[in-house]
Each structure stands twice: as C-alpha cells, then as structure tokens.
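Novice: Chains as they are written, first to last, in our numbering: chain B, 91 to 528; chain C, 532 to 1273.
For glycine and all other residues, C-beta sits at the position ideal for the given N, C-alpha and C.
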C-alpha cells in the first residue's frame, strides 16, 4: 500500500516488442489473409497459372487480379489497406501503374502484410529492388539462369529445368506431408544477404548448380554456385509479415504442376512433380494459415497469491505462466511444445527456466527471485523455424529487504546480546558499590 | 525592580535638561549615581545586541531571496531536484516508506536503494518544518518549504556564529561574526533560496557541533558534550562533510595533548562526544559501520584510545612517586600501545575489515589524485581546485582580515582559539583543493575575521573613549596625583593618536561597507541563478530568459510512455526523474562508475555501435544538451571529453586521442573523423548545418565554441529527432526499434 506510487509507475507493461503483434493488420483473432491482390504483367498468366490461383480461391481467398501497369493500382485508400496479401507475378514490369512503387510495397510488408514475389529470367530492376529490400540478391546478370548438369529433369532434357529436392526441413513451412517428388524450377538464382538473419532458403540448388547464361559460353567463373544458390526463399519480418521470393515464375505454372518428373541419375520417376504441393503448402504458410502463434499476457504472482504484485522482494517464490495458442487456419488451438523458456532478465538472464505445458495452451513454471535487486524483466523469446517469433517481456522491479524484514534475533549473536546485558548489569552494580561502599 | 524604575527616573530629568540646558547634557548625565547608569548600559547593550542579532537574522534570510525575486520560487541546479523529489516522497508516504525506498526509476536497470544511500537530514528537516506548519494551519506547499529551508538555516547559522564568536572571543566578535557570515558570498553561494542541498543544513550543523564541542572543552561539562554529540549526529545525517568533523576534532585533541593542554575537561568532552556521536552516527544507514571500519574514521578512534592511555599514565604517575620508575613505565606503555595499535590497524586493513581511504578523501589530501585516477570526480566543476579570483570573490575583505584575526588568536591563545585557528587553517587548505569546500571554510574565516574586526575596533574605540572619559572623570572627581602623571603622557600623543584612531575607524567602516556592497552585488548577480533557467543580456541590455530545460522535461513528461527510459549524461539524471518523471540510466548519484562509463561509451561511439548499447539498456530516448545556438558553454559537447575519459576508463576501446587532433579538442572541419561521426556529435549538430545562428556567419556556426562545425550533413539511422526546445538547448531523440526486415 505504501509503495503505491513506486509501484504504479513501474506497473509491468507489455513491452514494445509486443506492439507490432497486437497491431497486426487484419485481425488478431483471425490472422489468415483474406483479400489478396495479384499483380500480373500479362493477363494470360491467369490461365497459365490457374491451378495455383484456384487452390487459393478454394481456400477462401479473395483474389483481385490486376495488370501491373494498371494506372489505378493502389494498396491503400484513406490510410486503410485494401488488401491483406500481395502476389506479384510480374517479373518483367519496370514500373507499376498508379501509386505503387517498391517503397509502398516495403511499407505494405512493414505493416504486417504478406507478399509472394516471383522473379524470372530477365527480371526487372523493380522486382530486384523489392527482393533486395527483403534480403534477397538476384544474380546481377539479367540473362543468367540456374543451370545444373546433374540435377536436371529428364523429361525435358534441358539442363535449366532443375529438379530440386533440397527442401527446408520444416513441417511448419512445408506441411506435415513430405514432398516426395522433386520440385521443378526454371529461373534465376538468388543469394541471401548474409547479415539478414530473417531470411532463409526453402528450396536450395544442388551443389553442382551454377548461375550463368545458358546460351553463351562461360567466359569467367560464375558468381553464384552450388548450394549457395537459393531457388525459393522466405523471409519472416520482425513484425511477422511473411514473404516468399521465388526465382521462377514457371514453378507456379499449370504446366510444371502437371508435369511428371525424373531427376537425372535417379531411378525414381514421379507422375507428377512436387510443384503443386510445394506451392500450396508454401502459400498456406505465407498467408498465415499455419505456424502462427499468439501469446496471452505474461502472468506472474507470488506462490500462494493470485494478484500480480507491482514489485517483488529478493528471494520471493513466484509462479509464472503464459498462454500460447496456435492458429490452425480456422481456429485457435493450444500450442504444445517443450522448448519454451522464460528468462528473468536484468542485463543478463539471472534465471532461465523451461516452461512446462498443460497441453491446453498454458505454460507454467515457478522459481525463486534471485538475491539481486533491480528492475528485472520476464522475457519469453521464442524463435522457432517457421513459427511467428514471440518476443514478450514484462518489467518488474525487485527490491531488497525492508528494515524490518530481517531476522530480529540472530542465534549466532547471542553471546553478544549476553555480553551487552551483563555489561549493563555490571555497570549498575559497580556504580552502586562505588557510590555507597566507601 | 531597579531596572524597571530606571527609565522613568531617567526620563524626567532628561526632558528637564532638554528644556533647560542643551549645552552640557554630559554634565547632567554624569551627575546621576554610577550604579543606575551601569545597569542601564548593560540593558542598553542587551537591547542593542538582541536587535542587532535580530536584524542580522532577518538580513541573512532576505539577502538569499534574490533568486526568488529574479526568477521564481523554484528548486535550483541538479542535486536539489533529487532532494526535492525525496522530500516529496517522504511527506507523501511517511518515514518508513522513505527509509525503505527502492527507486526503480533511476539507474535502470540496477535501481537504487534511496533510503540507504542518502543523508536523510535535509529531507527530514524540511518535512518536519512542513508538518509543523501544517499543524499550525499554514497550508504551504512542500516546494516552498524546500525553497526556503536554506535561507532559514543560514539565519540560524548566524545565531550559532554569534555564540561561537562570543565563546572564543567576546560578544562583540560574536556580533561581527554573525553579521559577516550572514552575507558572506562563500556561504550564500550554496544557501540561496531554492538551493535545497545538504550543505544548506549542514553548515548550521557543522558550526553548532563545533560550538558545542568548544563549549564542552571549556567547561568540561557532560551536557555540552552530549549536545555536541547530538549536533554531530545531525551533521552526519545531513552531509558527507561530517568526515571533516570526525577528523578535525581528534586532530584538535591531539594538538592539545601535544602542547600539554591535556585536562580532565578535554577528556570528558572528547570521550563523551566521540562515543555517543559514533553510536548515533551508526543509526544513519548510509554511514553504518564506517566509524569502526573505514580508514577515514580511524584517526578519531586512535585519538580516543590515546586519551585512555594518557589518562592511565596520569593515574600511574599519581600512584608512583618515583619519576625514574615512571619514565621506564612510560616508555614501555607508549611503545606497546603504539605497537598494538599499529598491529591492529595493519591486520584490520589487510583483512579488509578496515576499508582503505576512498578516492574522494585522497583527492582532498592530494589535489592531483582525482585527475589521474578518478575522472568521474575530476569531471565535476565544483571539485576543481580553487582559483585565487574565486577566493577574492567569495571572501572579499575577509581574505586579509583572516591573517589579522589569526594574529589576535595567537596573541590570546586558549583552548577555544586554538580550535578556531585549526579549523580555519585546515578548512582553508581544503578550500584551496576544491571549490565547493570554500563553503566549509567560510564560517571559520568569518569568525577569525570577526575577531580581527572586533578587536581592532574595540582597541580604537577604547582609545577614543579613554580620552573622552579622562577629562570627564577629572572634572567630576578631581585630579588625583597618581593619575595626572599618566595623563600627561597620554596628552602628549593625544592629537596624533586620536586622529589616527578616527582615521582607522573610518577605514574599517569603509571596508566593511565595501564588503556589504560587494556581498549584495555578488548575491544578486552571480549566486542567485537557478541554473535550470538561464538568463542572458540581450543587445539592448534587457534580460533574456532561456527556459529550455523545463520545456524539455515537461515535454518528456507529457509525450513519452510512462515507462520510457531516457539516456543522458549523468548531470541531468536527477532533473529528468524529478521534473520529467521518467526512468533514467544514470544520474548525479555517481555510485556505479561502470554504468556511467557505458553511457559515456555509447555517446562516444559510432551510431550503430551506440545503438547496440542503447538496445541492451532498453533506452527509448536520448537527451543531449547543446549550446551552439545560444552560446551556452556548459553543454554536452564541452563535457564530451569527460565522457570519453570516463568511458575509456572502463572500456579501453574508447581512446581519448581518437577524438583529438594534435592534442586539441575541435568540432570544426579540422576535427578528427571519429569526433565528427560519434553519437554525441551527431545528436548535438543534427540539422544544425542548415541553421544561421549569427548574422554574417556561415550556416552551422557554433556560438558556444565560435567555430563553423565540421560535419553539416548528418544523417541518423537508428535514432530520430523527437523534440528540440525553442533555443535548441535540449534536444531529445527517439531510439527507433530495429528495422523490420533486416
């Protein structure tokens, strides 16, 4: 009661990290995208890639097809975004129509919305620029393609049609069903910005791949080679906006979806390539149908109490819990994991505890406040491949003992107490004797 | 009864005489009985004394109100804001909450145990005054009490000075001392209204302790010694300067022992004062067991033990009548006592039980120590060695009255004068080491000067008076033969002596009036500035007020999240928490050097390196003080080298030479590249390159340093400008969250 002022000021708050999550564009309760703008540089793509689009439509997406140079293009009106997701299948567009440019697309992503960007051979500077914003570098040589003399698809005999099977091992990004058939790819190579740790390869080239112009002789060693080449990459921004960047537009085409595949040097022949499954699963991830977590507020209190205190004392026993739910595409399900940890943090973690789950979405632990006072934070930093990043923190001060919270009498000090009182008594007797026995 | 009747008895003849004969009132007066006249002068003297003291009391108070008149009733400077904040807390939450206050708003994320790291005397005093006034139904605001605490205690100090002066010399000296100290700039500088700092109360406590101790030594009375111990307790509760008392008093006792002035009075006074004072001082949490555990306090304990040895030897000497035997005994006792003491000290220090002297203490004894070893102490302007000019400024005529006073003291040596001489000399040495300690020396200087003034004036007037009185007595009582001879010798030198005395008296009064004028001028012009509101003279001599600090702090208070953390150099920490009500990383309580060094490092690093440091400290806002537009010279750029030094003292990656060019600190084109791109430079000069500050000068002309800045094209990557005050004195930047896609 007395610490009121102090406490009210330092009332534990949801940290700034959580704000982007809360201001999540569409709706916190239903994170899956609904309205998607599809930008095409040619309306014929609508039919040549119809399977991909129709799977999206069948999952409830509202697709709005526009030509990339449509003069009425706009992502937002009166400050409100008109779309939740954006698919750019316009690799050769040099300039978007209307008010759209690479900055407004970057802003679109920074507002927490999702993007599928597909380049292709001879991708325009505009498309490269958008990719660069997301930490992806396309091969500078505009005529270069990915060539692989050992992992190409036998169906065509063309060494630029790659049969790639080096997929990222993540059930969250690519679904639980394993993609058996190789994914067919014909397009441009890209590499990832090494300083950007948000972007990762989903589909990598084999070690024998390289990026060069297939129609001319190699005059110098290729810049991009081997598994440094990424064919398809994803980026999850700090605000959990998701981006897919593909070097091949054909990957999403009906032709490659339907095409059979046999990888050179491999006896396995597949009736159907892995493209459809790959593209569909990836679109589920990018549009937040999977791998989206939601955390409730961090709850903590002393053992035996229920209310959250405004301040702890050193060596208090406390209980900590947080609720984490996972979006299944339709509803929120409890998230189950055994690798969620909480830190009790002041410049460095003083306590690091793995939370135990009750399988209903609640994660618990209890621990003793360390014997250090200061302003601590409960921190949950959860970065798991494919899942939304959870970065939760809550500030709580820890105070030392009050003057009357120490032990009143210390057993080891009894000799001193004794000495004290005997001296007093001795002094009294001495004074008495001295004064009255002359 | 006789006293009461006197005025009426006197009154009627006087009116008669006025009516009858105006020519010779002296004759009429002298015709009354001597006895009644004597009583009357005594009463007159008392009346005069009380009224002079009353006037001095009032004067001391009102001279300190210049700051309120010039500016407003506000708290000054830096530390007083902390004191104000804690006092507010004390009055709102009560003593126990105050005592156990853990402040999570400063020193983020470490926090600070306020109750255990402050001297509560000032706050408790102000709170008591506040509660008393409330009880008396004066509904004042606590701020007004805080503002006026310093003048009030300055007034009280004059009373103590009077009694002290009376004790060491006479009432005349006491009165002069009270008058001198009431307006002495050396004291006023730290006790104007609004200067709500520990010293405001502490000087009163210091002088009171000394006075009571001198009184105790003089009388040998337990009760005075007890009073002195309580005075010491108050001092300990109010200010860290109590260390001066606990070292000066033993030193004084030691000097008395050596000079053979040991007496039972001294024994009683010191032992009682030391033991009780020590026990009482231990009740202050911040001081705790220092009296038995720290090197600074060991002298007092050593002298205490020495007293016991002395007493014991005295007793043995009394028991043994054989001098030879006593000599050997003395030798053995003294050697073994010194040996035991030395061993105890050695063991205590080696085992860490007795802490070594602190850096502050060392820097007092050796003025160059801080500069070499503790930049954080050396960086404070009030810790600089004192310039001669500031002695002149703060003491004026006292500076040469002081040696004269010393002369008089030595001429009439007693236990009391020895004390004041020692106090004067030691404190004057410390005043030479540190500017702020002029304050401690001021009472001693005033007292000793007062002795000089009083003794001189008394001698001169007595010279004048005897000449006037001699003919009077002659006319009434007749000339005695024995007196006539002495009168003849007097008469011979009379014209010269009389004129000389008058001339000297006029000179003294001229000097004293100059002193009064000087003090008034200094108080009104130099020492009444609150330093949180700056004033300058405009082109037409008009006063221009820069209220940028408060503007910035109120902006913080109104526009930032309540849990925002503000990083600034430590000077502004107290003000930000008190006025801005926001959490700060470091503040003026410089208890954690590493934390300050981290801030210093951030300020002197490149922006991206600084960003990592700021992120690790959860900094949301950065505040810098910049004087380039107004020409305000104590800004962060001028303090910057100290940040580099303090930062470099802990983090060797920061190297001072990187910021200098040929040993010179520059901000113009010739500055070092690291300087031109460090965070502090960028934050101070951001957008400054577009600004024309002075007519006829290029854009980006820094008026505080008189140069055109070297980097006009400053781009910020991780910070953005949040607020800049109207005169650009305070600039606040927001730390951006990490980029979304990188």
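Going by DSSP in three states, residue 559 of chain C sits in which element: helix, strand or coil?
Specialist: For the purposes of this step, residue 559 of chain C is taken as the residue at position 28 of the second chain. Residue placement at residue 559 of chain C is poorly supported in this model, since its pLDDT is 44, which falls under 50; the coordinates are not used for a value here.
Novice: Looking at the secondary structure, which residues open and close the alpha helix (DSSP H) in which residue 181 of chain B lies?
Specialist: Along the first chain, one-based indexing puts residue 181 of chain B at 91. Where residue 181 of chain B is concerned, there is no enclosing alpha helix (DSSP H), given that its DSSP letter is neither H nor E.
Novice: Can you give the Cα-Cα distance for residue 1271 of chain C and residue 1152 of chain C, rounded to whole angstroms?
Specialist: Taking the first residue of the second chain as position 1, residue 1271 of chain C is located at position 740. Taking the first residue of the second chain as position 1, residue 1152 of chain C is located at position 621. Whole-angstrom Cα-Cα distance: 19 Å.
Novice: To which residues of the same chain is residue 848 of chain C closer than 7 Å at the C-beta, ignoring the five residues directly before and after it?
Specialist: The residue labelled residue 848 of chain C in the question sits at position 317 within the second chain. For residue 848 of chain C, where only same-chain residues beyond five positions count, the Cβ hits under 7 Å are 857.
Novice: Between residue 492 of chain B and chain C, is any beta-carbon pair separated by less than 8 Å?
Specialist: In the first chain, residue 492 of chain B corresponds to position 402, counting from 1. Cβ-Cβ to chain C under 8 Å: yes for residue 492 of chain B.
Novice: Name, please, each residue of chain C whose Cβ falls closer than 7 Å to the Cβ of residue 436 of chain B.
Specialist: If you number the first chain from 1, residue 436 of chain B lands on position 346. Result: 640.
Novice: Using beta carbons (cut-off 8 Å, strictly below), is residue 175 of chain B in contact with chain C?
Specialist: Indexing the first chain from 1 puts residue 175 of chain B at position 85. Residue 175 of chain B does not count as touching chain C.
Novice: Flag this pair as yes or no: are the beta carbons of residue 787 of chain C and residue 951 of chain C separated by less than 8 Å?
Specialist: Position 256 of the second chain holds residue 787 of chain C. Position 420 of the second chain holds residue 951 of chain C. Taking 8 Å as the Cβ cut-off, residue 787 of chain C and residue 951 of chain C do not qualify as a contacting pair.
Novice: Looking at chain B, is there any beta carbon in it that lies within less than 8 Å of the beta carbon of residue 781 of chain C?
Specialist: On the second chain, residue 781 of chain C is found 250 positions in, with the first residue counted as 1. Answer no: the Cβ-Cβ gap between residue 781 of chain C and chain B never drops below 8 Å.
Novice: Is the Cβ of residue 1273 of chain C closer than 8 Å to any Cβ of chain B?
Specialist: Walking along the second chain from the start, residue 1273 of chain C turns up at place 742. So yes, residue 1273 of chain C belongs to the interface.
Novice: Does any residue of chain B have a CB that is nearer than 8 Å to the CB of residue 1122 of chain C?
Specialist: The residue labelled residue 1122 of chain C in the question sits at position 591 within the second chain. Output row for residue 1122 of chain C: interface = no.
Novice: Cβ atoms of residue 303 of chain B and residue 231 of chain B: under 8 Å apart, would you say?
Specialist: Here residue 231 of chain B refers to the residue found at position 141 of the first chain. Here residue 303 of chain B refers to the residue found at position 213 of the first chain. In contact: residue 231 of chain B and residue 303 of chain B (Cβ atoms closer than 8 Å).
Novice: Please classify residue 412 of chain B as buried or exposed, where buried requires at least 16 neighbouring CB atoms within 10 angstroms.
Specialist: Indexing the first chain from 1 puts residue 412 of chain B at position 322. The residue is buried, with at least 16 neighbouring Cβ atoms inside 10 Å.
Novice: Under 9 Å Cβ-Cβ, which residues of chain C neighbour residue 452 of chain B?
Specialist: One-based indexing of the first chain puts residue 452 of chain B at position 362. Within 9 Å Cβ-Cβ: nothing; residue 452 of chain B doesn't reach chain C, min ~27 Å.
Novice: Looking at the unbroken beta strand (DSSP E) that takes in residue 719 of chain C, where does it start and where does it end?
Specialist: Translated into positions along the second chain, residue 719 of chain C becomes position 188. Counting along the chain, residue 719 of chain C falls outside any beta strand (DSSP E), though it belongs to the alpha helix (DSSP H) covering 716–719.
Novice: Residues of chain B with a CB under 8 Å from the CB of residue 1269 of chain C: which are they?
Specialist: Within the second chain, residue 1269 of chain C is the residue found at index 738, counting from 1. Near residue 1269 of chain C (Cβ distances below 8 Å), the residues of chain B are 328.
Novice: Would DSSP call residue 915 of chain C helix, strand or coil?
Specialist: Mapped onto the second chain, residue 915 of chain C falls at position 384. Residue 915 of chain C falls in the coil class under three-state DSSP.
Novice: Who are the neighbours of residue 200 of chain B on chain C, taking C-beta pairs under 8 Å?
Specialist: Looking up residue 200 of chain B in the first chain gives position 110. Simply 1271 and 1272.
Novice: Cβ of residue 190 of chain B within 8 Å of Cβ of residue 222 of chain B?
Specialist: Numbered from its first residue, the first chain carries residue 190 of chain B at position 100. Numbered from its first residue, the first chain carries residue 222 of chain B at position 132. Going by C-beta atoms, residue 190 of chain B is not nearer than 8 Å to residue 222 of chain B.
Novice: Run the CB neighbour count on residue 611 of chain C, radius 10 Å, all protein chains shown included, and call it buried at 16 or more, exposed below.
Specialist: Along the second chain, read from residue 1 onward, the residue named residue 611 of chain C stands at position 80. So residue 611 of chain C ends up on the buried side.
Novice: Are any of the Cβ atoms in chain B nearer than 8 Å to that of residue 662 of chain C?
Specialist: For this step, residue 662 of chain C is matched to residue 131 along the second chain. Not an interface residue.
Novice: Quick check on this structure: which residue in B:487, B:280, B:417 and B:459 has the alpha carbon closest to the alpha carbon of residue 378 of chain B?
Specialist: Mapped onto the first chain, residue 378 of chain B falls at position 288. Residue B:417 is the option with its Cα nearest to residue 378 of chain B.
Novice: Using a cut-off of 9 Å between C-beta atoms, extract the partners of residue 1101 of chain C located in chain B.
Specialist: The sequence position of residue 1101 of chain C within the second chain is 570, counting from 1. Residues of chain B passing the Cβ test: none, with the nearest at roughly 18 Å.
Novice: Does residue 846 of chain C get closer than 8 Å to chain B when you measure Cβ to Cβ?
Specialist: Counting from 1 along the second chain, the entry for residue 846 of chain C is found at position 315. No, no contact with chain B.
Novice: Hey, how far is the Cα of residue 1220 of chain C from the Cα of residue 1266 of chain C?
Specialist: Counting from 1 along the second chain, the entry for residue 1220 of chain C is found at position 689. Counting from 1 along the second chain, the entry for residue 1266 of chain C is found at position 735. Computed Cα separation, rounded: 22 Å.
Novice: When the Cα atoms are used, what is the spatial distance from residue 832 of chain C to residue 762 of chain C?
Specialist: Looking up residue 832 of chain C in the second chain gives position 301. Looking up residue 762 of chain C in the second chain gives position 231. Going from the Cα of residue 832 of chain C to the Cα of residue 762 of chain C covers about 19 Å.
Novice: Within the same chain, show all residues whose beta-carbon is closer than 6 Å to that of residue 151 of chain B, passing over the 5 residues directly before and after it, in chain order.
Specialist: What you label residue 151 of chain B is simply residue 61 of the first chain in a count that begins at 1. Hits under 6 Å: 126.
Novice: If we define contact as Cβ-Cβ less than 8 Å, is residue 633 of chain C a contact residue for chain B?
Specialist: The residue you call residue 633 of chain C lines up with position 102 of the second chain. Yes, contact with chain B.
Novice: Taking the alpha carbon of residue 246 of chain B as the point to measure from, which residue in B:200, B:352, B:295 and B:148 has its own alpha carbon closest?
Specialist: Taking the first chain and counting its residues from 1, one reaches residue 246 of chain B at position 156. The candidate whose alpha carbon is nearest that of residue 246 of chain B is B:352.
Novice: Given that a residue counts as buried once 16 or more other Cβ atoms are within 10 Å of its Cβ, and exposed if not, what is residue 521 of chain B?
Specialist: For this step, residue 521 of chain B is matched to residue 431 along the first chain. Classification for residue 521 of chain B: exposed.
Novice: Does residue 1099 of chain C pass the burial test, meaning 16 or more other C-beta atoms within 10 Å, or should it be called exposed?
Specialist: The residue labelled residue 1099 of chain C in the question sits at position 568 within the second chain. With 16 or more Cβ atoms within 10 Å of its Cβ, residue 1099 of chain C is classed as buried.
Novice: What in chain B is Cβ-close to residue 644 of chain C, meaning under 9 Å?
Specialist: As a position in the second chain, residue 644 of chain C is number 113, starting the count at 1. Residues of chain B passing the Cβ test: 463, 489 and 490.
Novice: Is there a C-beta anywhere in chain C that falls below 8 Å from the one on residue 103 of chain B?
Specialist: Taking the first residue of the first chain as 1, we reach residue 103 of chain B at position 13. Note that residue 103 of chain B scores 38 on pLDDT, short of 50, meaning its location in the model is unreliable and no value can be drawn from it.
Novice: Spell out whether any CB of chain C is found under 8 Å from the CB atom of residue 231 of chain B.
Specialist: Reading the first chain from its first residue, position 141 is the one you call residue 231 of chain B. Residue 231 of chain B has a beta carbon lying at 8 Å or more from every beta carbon in chain C.
Novice: By Cβ distance below 8 Å, which residues in the same chain neighbour residue 331 of chain B in space, the five residues on each side in sequence not counted?
Specialist: As a working mapping, residue 331 of chain B is identified with position 241 in the first chain. The answer, listed in chain order, is 199, 200, 201, 202, 203, 204 and 205.
Novice: If we cut at 8 Å on Cβ distances, does residue 166 of chain B have a partner in chain C?
Specialist: As a position in the first chain, residue 166 of chain B is number 76, starting the count at 1. With 8 Å as the cut-off, residue 166 of chain B does not count as an interface residue toward chain C.
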